[in-house]
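A.B. asks: The structure follows.
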Amino acid sequence: MGAATGSGASGWAALASAARDAATKVLFVSIVILFALRNHTPTAIDGRECKCEASDLHFEVSNKVVRSLPSPKGQERVTQQLPWLAQELGHRHLRTFQRVGFSKWRRGIAHYTPLRQVNLESSAKNDNEYGDALSFSSARLAVKDNIAAEGFPTTCASNILAGTEIPFEATIVTQLKSRGVEVTEKAGMDEFGMGTHSTTSAWGPVHNAAPLQKYSAGGSSGGSAVAVAKGRADLALGTDTGGSVRMPAAYTGTVGFKPSYGMLSRWGVVPYANSLDTVGLLAKTVGPIRRAIVDEKLYMEHDTNDPTSLPASVRERCTAQRRFYKSTERPSLQGLTFGVPIEYNIEELDQRIREGWVQAAQRIRDMGGRVVPVSLPSTKNALSAYYVIAPAEASSNLAKYDGIRYGRRDKEGTSDALDGILYAKTRGDGFGNEVKRRILLGSYTLSSEAMDNYFIQAQKVRQLVRRDFDRVFKLSNPLQDEEAFDLSEMDETVQLESKLGPVQVDFLLCPTAPTPPPLLEDVMKQTPLDSYMNDVFTVPASLAGLPAISIPMDIPSDPTKEEERLVDFGGLQLIGQYWDDARLLAIAEEVSVRVSKRTERELASSQ
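Mapping the sequence shown onto full-length UniProt numbering, position 579 (from 1) lands on 579, and the numbers just tick up by one.
Shown next as structure tokens:
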């Protein structure tokens, strides 16, 4: 009897062991399926550093799949087998696993920590594997508050849209989420994107990242830049109308990229000025932005919902004329020419920024690039033209926020006889002072009395600015007919074949902002005109619809002065010809390491 009992016990034990083995096999099959379905980043197990042949894996198993994990011993077996499993999948590049945490065995693998930095941050010191796209899996994305994201309100930092939830999601957000990016927060901004320092928000000013809390974060996408600078987001979305992505990047020591107009969809973005608005990206280094635009092929994504989105056929034609969209070669500055616009050396340029600009140009020479002066004569009128065109378009776009069609209605006094208009008080209370100022300015420039003298003239200046850029770039503008001449603007003595002007440079090199980030208390004392002057270097590229990127650059600093010790950086702007975004990003990634100790430290810390 006892023997029978013992035999039965051993039988039960054998059966239980077989069941555990079966459960383990089921678990591994589930893991293989999940690995095959998801292109995610590699992870490390129980804190051990495990090397495996995997470039874009991410171990993410739901509790349901591993609920039957039998015991801590079984967990150890899983841990031991995971490196082998990853190797069996046949991926090419060695990467380090990150930590996976086990909770109580009944819940199995309950959480993980994604390998965000190694996944997203590129390093020129490594292989710099251009064209080897890494997964965006589990990258954290901050979204500017004028871009619709599911599950988040979209207020544009304005009382008139307080609590508003848009019933659809912006195309650019959906595109990034489909590539594995996770939206973690909405970022503060200037009200409706109108501002230079992110101080016009109805919810209060955006403060720069420590230790620069007392300094301006730039605008209008200041919250997006700060989210990246603080490490709360790996990538951030902003909008750039006249510099609203590049300016915050310059003031926070991050990277801000404005792509060619029409490349990224604006569907789901609350408009400020339709002919200027561009969705931009921010990150700590150029790598994540280059991967989003080029490796993840956002540059080929046409959106039928956005009338300003370039059609697929035009994208293909433009891409065929440009290198580096499909190139895997590491870029070199040898043979490239960088133009320094002489009109950008203005009296208002801070001396430290000027010295940093000269130093950056010298480092580009050291890398093999050629730096030459160029002239953009219409630049001096660009800022004035911008502040006619942008407010005019804004006054039209914001007309719908009246509390009846869109926007929060003021329940008290909406039919006040003294107002004479049902929604006057609603708009008066709902909009901030800067927005009101630009609406009034824009409404005036669109009036019959002022249209010809201001708005039409500003549009003419805009075309002159664009032509100035086309004349100094080696590459032609793929949207323009090279054989089309406007003879009315050319002297009769100029030979026809020379009327396009000198073709000299690959990129333009200039500061992003004329000063380092100013103190917030000084910003509050500035007049609107003083604030507008900060956009003098960013507006021309916006008027022409060109790609431009701001990267950090070192500036001279006196360590005995607290202000200079804290603010030892400025923004260096690189501008490229239309649809030359891929090459611009590749070159900016190379240059950024040489012109900024901040970038060098950031890349080193990501290793």
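For every residue, glycine included, the Cβ atom is placed at its ideal position computed from N, Cα and C.
1) Going by the CB atoms, is the gap between V465 and L543 shorter than 8 Å?
2) Indicate the three-state DSSP secondary structure (helix, strand or coil) for K258 in the structure shown.
3) Once DSSP output is grouped into helix, strand and coil, what is the label at G407?
4) Where does E602 sit, in a helix, a strand or coil, going by DSSP?
5) Among G262, D234 and S265, which one has its Cα closest to the Cα of V255?
6) Taking only the alpha-carbon atoms, compute the straight-line gap between D303 and I575 and give it to the nearest angstrom.
7) Measure the C-alpha to C-alpha separation of L141 and G262 and round it to an integer number of angstroms.
8) For Y325, does the three-state DSSP call read helix, strand or coil?
9) Here's a check: name, in chain order, each residue in its chain whose Cβ is nearer than 7 Å to the Cβ of V269, leaving out the five neighbours to either side.
10) Quick one: what's got a C-beta closer than 8 Å to E521's C-beta in the same chain, skipping five residues either side?
11) Considering only DSSP beta bridges, list what D554 is partnered with.
12) Take every Cβ of the region 215–226, pair it with every Cβ of the region 182–191, and state whether three or more of those distances are shorter than 8 Å.
13) Using the Cα positions of R317 and S476, report the straight-line distance between them to the nearest angstrom.
14) Closest by CA to Y578, which one among L546, T445 and I555?
15) Please report the residue range of the beta strand (DSSP E) in which residue 676 lies.
16) To the nearest angstrom, how far is the alpha carbon of F485 from that of A450?
17) Are the CB atoms of M194 and V435 nearer to each other than 8 Å?
18) Just the C-alpha distance for V593 and T252, rounded to the nearest angstrom, thanks.
19) Note the first and the last residue of the continuous beta strand (DSSP E) segment covering V371.
20) Do V286 and I551 come within 8 Å of each other at the CB atom, strictly closer than that value?
21) Report back the beta-carbon spacing between K474 and V505 to the nearest angstrom; my notes put them in contact at under 8 Å.
22) Excluding the 5 residues flanking K230 on each side, which residues of the same chain have their C-beta closer than 7 Å to its C-beta?
23) What is the rounded straight-line gap between the Cα of L441 and the Cα of L212?
24) May I ask you to report which of helix, strand or coil DSSP gives F192?
25) Using a Cβ distance threshold of 8 Å, determine whether the region 355–372 contacts the region 553–561, with at least three qualifying pairs required.
26) Which residue's Cα is closest to the Cα of V181: E563, L237 and E600?
27) With a CB to CB cut of under 8 Å and the five nearest residues on each side skipped, what residues in its chain are close to T414?
28) Beta-carbon separation of T174 and T164 under 8 Å?
29) May I ask which residues mark the beginning and end of the alpha helix (DSSP H) holding E355?
30) On the three-pair Cβ rule with 8 Å, is the region 339–352 touching the region 506–515?
31) Whose C-beta lies closer than 7 Å to the C-beta of residue 611 among residues of the same chain, with five residues either side of it excluded?
32) To which residues of the same chain is A361 closer than 8 Å at the C-beta, ignoring the five residues directly before and after it?
33) At what residue ranges does the region 205–250 contain a whole run of the beta strand (DSSP E), taking only runs of 3 or more?
34) Name, in chain order, the residues that DSSP records as bridge partners for R140.
35) Between L398 and the rest of its own chain, which residues show a CB-CB distance below 8 Å, the 5 nearest in sequence each way excluded?
36) Starting from the Cα of D306, find the closest Cα among K177, P271, I293 and S198 and give me that residue.
C.D. replies: Concretely, from the data shown:
1) Yes, the Cβ-Cβ distance between L543 and V465 is below 8 Å.
2) Strand, per DSSP.
3) It is coil, neither helix nor strand.
4) In the structure shown, E602 sits in a helix (DSSP, three-state: H, G or I).
5) Answer by Cα proximity: D234.
6) Taking the straight line from one Cα to the other gives about 25 Å.
7) L141 and G262 have their C-alpha atoms roughly 22 Å apart.
8) If DSSP states are grouped into helix, strand and coil, Y325 belongs with coil.
9) Excluding five sequence positions before and after V269, the CB atoms of its chain that fall closer than 7 Å to its own CB belong to N146, I147, A170, T239, D277 and V279, given in chain order.
10) Counting only Cβ-Cβ distances below 8 Å, and skipping sequence neighbours, we find K214.
11) As DSSP reads the structure, D554 sits in a beta bridge with F569.
12) Yes, the region 215–226 is in contact with the region 182–191.
13) Rounded to whole angstroms, R317 and S476 show a C-alpha spacing of 13 Å.
14) Nearest of L546, T445 and I555 to Y578, Cα basis: L546.
15) Because the chain spans 1 through 607 in this model, residue 676 falls outside it and cannot be assessed.
16) For F485, the predicted structure reports a pLDDT of 48, less than 50, and the residue's modelled location is therefore unreliable. The matter cannot be settled from this model.
17) In contact: M194 and V435 (Cβ atoms closer than 8 Å).
18) Cα to Cα, the separation comes out at about 17 Å.
19) Per DSSP, V371 belongs to the beta strand (DSSP E) from R370 to V374.
20) Cβ atoms of I551 and V286: closer than 8 Å.
21) About 6 Å; that satisfies the 8 Å criterion.
22) Beyond the five residues adjoining it in sequence on each side, K230 comes within less than 7 Å, by CB distance, of A209 in the same chain, given in chain order.
23) The straight-line gap from Cα to Cα measures roughly 34 Å.
24) DSSP places F192 within a helical segment (H, G or I) once states are collapsed to three.
25) With a cut-off of 8 Å, the region 553–561 and the region 355–372 count as touching, because enough Cβ pairs lie within range.
26) Ranked by Cα distance from V181, the options E563, L237 and E600 are led by L237.
27) Any reading at T414 must be qualified, since the residue scores a pLDDT of 48, below 50, and its modelled position is unreliable; no value is offered.
28) It is not a contact, given that the beta carbons lie outside the stated cut-off.
29) Start and end: Q351 to D366.
30) A contact exists between the region 339–352 and the region 506–515.
31) The first residue shown for the chain is 1 and the last is 607, placing residue 611 beyond what the model contains.
32) Within the same chain, A361 has close Cβ partners F338, V340, V371 and L509.
33) 235–240, all fully within the region 205–250.
34) Paired residue(s): E182.
35) Only residues of its own chain outside the window of five on either side were considered, and among them F192, F431, V435 and I439 have a CB closer than 8 Å to the CB of L398, listed in chain order.
36) Looking at the Cα atoms, P271 is the closest of the given residues.
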